[in-house]
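Participant:
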Amino acid sequence: MIKAVRGFKDILPGETEKWVYLEGLARRFFNAYGFREIRTPILEKTELFARSIGEATDIVEKEMYTFLDRNKESVTLRPEATAGICRAVIEHGLYAKAKVLKLFTMGPMFRHERPQKGRLRQFHQFNAEVFGSHAPGTDAEVIALAMDILQAGGAKDLRLEINSLGCPECRPAFRENLRQFLRKNADKLCEDCKRRTERNPLRALDCKKETCQAVYENAPLIEEFWCEECRKHFAKVLEELGLLGLEFVKNPRLVRGLDYYVRTTFEIKAQGLGAQDTVAAGGRYDGLLKALGGPDIPGVGFAIGVERFLLVADLPANLEPRLDLFVAALGEEAKKQVLPLVRSLRNKSISVDLDHEGRSLKAQLKVANRLKARYALILGENELKEGVALLRDMETGEQESISLSELEKELIKRLS
Numbered sequence: 013m014i015k016a017v018r019g020f021k022d023i024l025p026g027e028t029e030k031w032v033y034l035e036g037l038a039r040r041f042f043n044a045y046g047f048r049e050i051r052t053p054i055l056e057k058t059e060l061f062a063r064s065i066g067e068a069t070d071i072v073e074k075e076m077y078t079f080l081d082r083n084k085e086s087v088t089l090r091p092e093a094t095a096g097i098c099r100a101v102i103e104h105g106l107y108a109k110a111k112v113l114k115l116f117t118m119g120p121m122f123r124h125e126r127p128q129k130g131r132l133r134q135f136h137q138f139n140a141e142v143f144g145s146h147a148p149g150t151d152a153e154v155i156a157l158a159m160d161i162l163q164a165g166g167a168k169d170l171r172l173e174i175n176s177l178g179c180p181e182c183r184p185a186f187r188e189n190l191r192q193f194l195r196k197n198a199d200k201l202c203e204d205c206k207r208r209t210e211r212n213p214l215r216a217l218d219c220k221k222e223t224c225q226a227v228y229e230n231a232p233l234i235e236e237f238w239c240e241e242c243r244k245h246f247a248k249v250l251e252e253l254g255l256l257g258l259e260f261v262k263n264p265r266l267v268r269g270l271d272y273y274v275r276t277t278f279e280i281k282a283q284g285l286g287a288q289d290t291v292a293a294g295g296r297y298d299g300l301l302k303a304l305g306g307p308d309i310p311g312v313g314f315a316i317g318v319e320r321f322l323l324v325a326d327l328p329a330n331l332e333p334r335l336d337l338f339v340a341a342l343g344e345e346a347k348k349q350v351l352p353l354v355r356s357l358r359n360k361s362i363s364v365d366l367d368h369e370g371r372s373l374k375a376q377l378k379v380a381n382r383l384k385a386r387y388a389l390i391l392g393e394n395e396l397k398e399g400v401a402l403l404r405d406m407e408t409g410e411q412e413s414i415s416l417s418e419l420e421k422e423l424i425k426r427l428s
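What the sequence shown shows, in the numbering used here, is residues 13 to 428, in sequence order.
1. Please confirm if the segment 187-199 is in contact with the segment 287-302, defined as three or more CB-CB distances below 8 Å between the two stretches.
2. On the DSSP letters alone, give me the boundaries of the alpha helix (DSSP H) that residue 356 sits inside.
3. In the DSSP assignment, find the beta strand (DSSP E) that holds residue 293 and state where it starts and stops.
4. Residue 436 and residue 299 look like a contact to me (Cβ under 8 Å); what is the Cβ gap, rounded to whole Å?
5. Give every residue of the same chain whose Cβ lies closer than 6 Å to the Cβ of residue 215, excluding the five residues on either side of it in the sequence, and list them in chain order.
6. Once DSSP output is grouped into helix, strand and coil, what is the label at residue 159?
7. Please name the residue, chosen from 35, 135, 399 and 317, that lies closest to residue 346 on a Cα-to-Cα basis.
8. Compute the distance between the beta-carbons of residue 89 and residue 55, then report whether it is under 8 Å.
9. Relative to the C-alpha of residue 76, which candidate in 361, 42, 94 and 124 has its C-alpha closest?
10. From which residue to which residue does the beta strand (DSSP E) around residue 64 run?
11. In three-state DSSP terms, what is residue 405?
12. Buried or exposed, going by whether 16 or more other CB atoms sit within 10 Å of the CB of residue 178?
13. Helix, strand or coil for residue 141? Go by DSSP, reduced to three states.
14. Quick check on the DSSP output: the alpha helix (DSSP H) that includes residue 29 runs from which residue to which?
15. Using a Cβ-Cβ cut-off of 6 Å (strictly less than) and excluding sequence neighbours within five positions of residue 135, which residues of its own chain qualify?
16. For residue 111, which residues of its own chain have a beta-carbon under 6 Å away from its beta-carbon, when the five flanking residues on both sides are left out?
17. In angstroms, rounded to a whole number, what distance separates the CA positions of residue 33 and residue 96?
18. What does the alpha-carbon distance come out to for the pair residue 373 and residue 342?
19. Would you kindly report the start and end of the unbroken alpha helix (DSSP H) that includes residue 376?
20. Under a CB-based cut-off of 8 Å, is residue 289 close to chain C?
21. So, for residue 87: in the same chain, excluding its five sequence neighbours on each side, which residues have a beta-carbon less than 8 Å away from its beta-carbon?
22. Taking the Cβ atom as the reference point for each residue, do residue 325 and residue 165 lie within a distance shorter than 8 Å?
23. How long is the line joining the alpha carbons of residue 99 and residue 127, rounded to whole angstroms?
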């Protein structure tokens, strides 16, 4: 028996309804906030992610699904969505169509990590991206959108942590100061953090090992190096979050594993998920479009991890769809009579199923019960002779005769 690849999971009936529900909920909020959907390929040129995420990141160095295609070109299954959306915005000139461009997407991402609760090698995200605005209010609005989606899905005890990573003007001084600190404490660091010290020191702060985190308790803080503009920007973001009624915690040690983040960076965490408790994360990436060969246009966005969202969501009961009508046609003549009716009802968005196996009435009604049908329509030789069909309410067991000439009209009236 061939099984699914490790870290890749089938989403089966009974689960798919939960996904569809959250996707619909997210779409409603994206529409309410003025976002339009974009769908980009899951396969991109490897260079895109090396340039946007950064070659000295764990994602690029260890986690990407990268291979040579038949033309010997290096391609990669997307590990995140922002880079592909930026590529599409540049390639198709979408930035010229609106001063502020709001886009969202949904779909699978791929990273070769150790599979664990809420973290698979194929995982799914809801992504929102805004291009063209430097305004702190845009940052606050994007965060509010993420919070609204999560809260509407029933996620409770959410904790919004926020920081500013500074900008290209002030971050180099912090980076060098941090590098000196890491060098002085190299004997206490893991091998990954020693390597990151020279290539990407900010990434060291993101290490999850307790021994390293103990060292970083005394590391310099980026807020000590902010320029005046970054200080004002962050203060305004926090002010607008307050006006939007959002509580937050300033986390001066919050960094992102992706190189293109500047200034605002945030994570939304949920109780009950253990160490992997971040359900949404995002921030500002003002230089990314330019770095990818596009115009110098700012951007800010977020991603919600759908698998983790599902773990903390409080979803309505009985999301599985209920069948409107099960048709029990007894005999070939009865089936000839109902087939056009079944198609007509389905074209009016009424859910209908029928038996094609020629089973007994008792067996067919068992199927109707299993499918949780609201009604069963029974048509056999006797009913055909009388020019009627029997309509049974599957909850009460009551049934009535309806003239075949009025049948479709009556069914539409009851089931629409």
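Just so you know, even glycine gets a beta-carbon here, dropped at the ideal spot from N, CA and C.
Facilitator: Based on what the coordinates show:
1. No: fewer than three Cβ pairs fall under 8 Å.
2. Boundaries of the alpha helix (DSSP H) around residue 356: 344-358.
3. Residue 293 -> beta strand (DSSP E) spans 290-296.
4. One cannot answer for residue 436 here, as it falls past the ends of the chain, which runs 13 to 428.
5. The beta carbon of residue 215 sits closer than 6 Å to those of 208, all from its chain and outside the five residues before and after it, given in chain order.
6. Residue 159: helix per DSSP, three-state reduction.
7. Considering only 35, 135, 399 and 317, the residue with the shortest C-alpha distance to residue 346 is 399.
8. If you check the CB distance, residue 89 and residue 55 come in under 8 Å.
9. Of the candidates 361, 42, 94 and 124, the one whose C-alpha sits nearest the C-alpha of residue 76 is 124.
10. Bounds of any beta strand (DSSP E) do not take in residue 64; it lies within the alpha helix (DSSP H) bounded by 58-64.
11. Looking at residue 405 - three-state DSSP - the assignment turns out to be strand.
12. Residue 178 is classed as buried because its beta carbon has at least 16 other beta carbons within 10 Å across all chains shown.
13. Secondary structure of residue 141 (DSSP, three-state): strand.
14. In this chain, the alpha helix (DSSP H) harbouring residue 29 covers 28-44.
15. For residue 135, where only same-chain residues beyond five positions count, the Cβ hits under 6 Å are 121 and 319.
16. Beyond the five residues adjoining it in sequence on each side, residue 111 comes within less than 6 Å, by CB distance, of 144 in the same chain, given in chain order.
17. Distance between the alpha carbons of residue 33 and residue 96 is about 26 Å.
18. Rounded to whole angstroms, residue 373 to residue 342 spans 7 Å at the Cα level.
19. DSSP places residue 376 inside the alpha helix (DSSP H), whose first and last residues are 373-382.
20. Going by chain labels, chain C is absent from the structure shown, which holds only one protein chain.
21. A distance below 8 Å between beta-carbons, with the five flanking residues on each side excluded, links residue 87 to the following residues of its chain, in chain order: 55, 56, 57, 58, 78, 79, 80 and 81.
22. It is a contact, given that the beta carbons lie within the stated cut-off.
23. Rounded to the nearest angstrom, the gap between the Cα atoms of residue 99 and residue 127 is 29 Å.
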